[in-house]
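Residue numbers (our numbering), protein chains in the order written: chain G, 2 to 114; chain A, 641 to 754.
Presented below is the structure to which this report refers.
See the structure below:
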């Protein structure tokens, strides 16, 4: 059974700081990894999708890396802003022989003005 | 392209009542998923459809939950009777090919059972 762990569970940083969110997964036989953002009471917005053959993806101030063999991914946010405050969820497709999307519990980020 | 549509956005019911949620996936997406997200946790897969067939419903509490996807497009998820622990956000997602394109989620339905 695929398991996804996110560390830390919560993070508070002052505006302007660069930060890293961590994600690990137990079964490296994945098809891809997605990072999502979730605002309170809302659905999930896909931020970045990394295929299993890729090492990283970038979108604006966001950079996600994938080390499939070690079962790790990081999401790097540069020059954080108060609008970045949200819960960030990591999810992998595949592992344990299925196409199921398995989520971590998320990291709740607060960016203080 | 239009996103994944879900309704209603919010629902409050008493325990033992029934409730239904509706999802319209992105046009052309053959795969549709229902997830349950309890406060403070990551979403948990309830059921996966490929066109109108069920691929995985191993985590669906079948004594009270049911889902269908008629004609391989829209889907409904029903709970009957509801329990207090069913209070959660119910998310619908669709994918063209999950392995290559990932998932797109709707805004969710927040269910409160009192």
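Backbone N, C-alpha and C fix where the C-beta goes; we use that ideal spot for every residue, glycine too.
Assigned exposure category for residue i - 16 Cβ within 10 Å defines buried
{"i": "residue 21 of chain G", "result": "exposed"}
{"i": "residue 733 of chain A", "result": "buried"}
{"i": "residue 81 of chain G", "result": "buried"}
{"i": "residue 691 of chain A", "result": "exposed"}
{"i": "residue 709 of chain A", "result": "buried"}
{"i": "residue 78 of chain G", "result": "buried"}
{"i": "residue 74 of chain G", "result": "buried"}
{"i": "residue 719 of chain A", "result": "buried"}
{"i": "residue 111 of chain G", "result": "exposed"}
{"i": "residue 726 of chain A", "result": "buried"}
For residue j and residue i, believed in contact at Cβ under 8 Å, the rounded distance
{"i": "residue 661 of chain A", "j": "residue 716 of chain A", "result": "7 Å"}
{"i": "residue 3 of chain G", "j": "residue 103 of chain G", "result": "5 Å"}
Residue i versus residue j: straight-line alpha-carbon distance, rounded
{"i": "residue 724 of chain A", "j": "residue 654 of chain A", "result": "8 Å"}
{"i": "residue 750 of chain A", "j": "residue 701 of chain A", "result": "18 Å"}
{"i": "residue 651 of chain A", "j": "residue 70 of chain G", "result": "43 Å"}
{"i": "residue 94 of chain G", "j": "residue 105 of chain G", "result": "12 Å"}
{"i": "residue 714 of chain A", "j": "residue 663 of chain A", "result": "6 Å"}
{"i": "residue 109 of chain G", "j": "residue 682 of chain A", "result": "12 Å"}
{"i": "residue 648 of chain A", "j": "residue 84 of chain G", "result": "27 Å"}
{"i": "residue 107 of chain G", "j": "residue 728 of chain A", "result": "16 Å"}
- Message: Does the structure place the region 651-670 of chain A close enough to the region 77-91 of chain G that three or more beta carbon pairs sit under 8 Å?
- Response: no
- May I ask you to verify whether the region 55-68 of chain G touches the region 696-715 of chain A, counting CB pairs closer than 8 Å and requiring at least 3? no
- Message: Under 7 Å, CB to CB, which of the residues in the region 711-737 of chain A have a partner in chain G?
- Response: 731
- Message: Tell me which residues of the region 88-102 of chain G have at least one Cβ-Cβ distance to chain A shorter than 8 Å, keeping chain order.
- Response: 90, 92, 94, 95, 99, 100, 101, 102
- Is the region 15-32 of chain G in contact with the region 41-49 of chain G, if contact means three or more CB pairs nearer than 8 Å? no
- Query: the region 42-73 of chain G: which residues have C-beta closer than 7 Å to a C-beta of chain A, in chain order?
  - Reply: 42, 43, 44, 45, 47, 50
- Item | Residues, ordered as in the chain, of the region 14-42 of chain G that lie near chain A by beta-carbon distance below 7 Å | 32, 33, 35, 42
- Item | Residues within the region 670-688 of chain A neighbouring chain G, beta-carbon criterion of under 9 Å | 671, 673, 675, 677, 680, 681, 682, 683, 684, 685, 688
- Task: Quick one: which residues of the region 691-712 of chain A get their C-beta closer than 7 Å to a C-beta of chain G? List them in chain order.
- Result: 696
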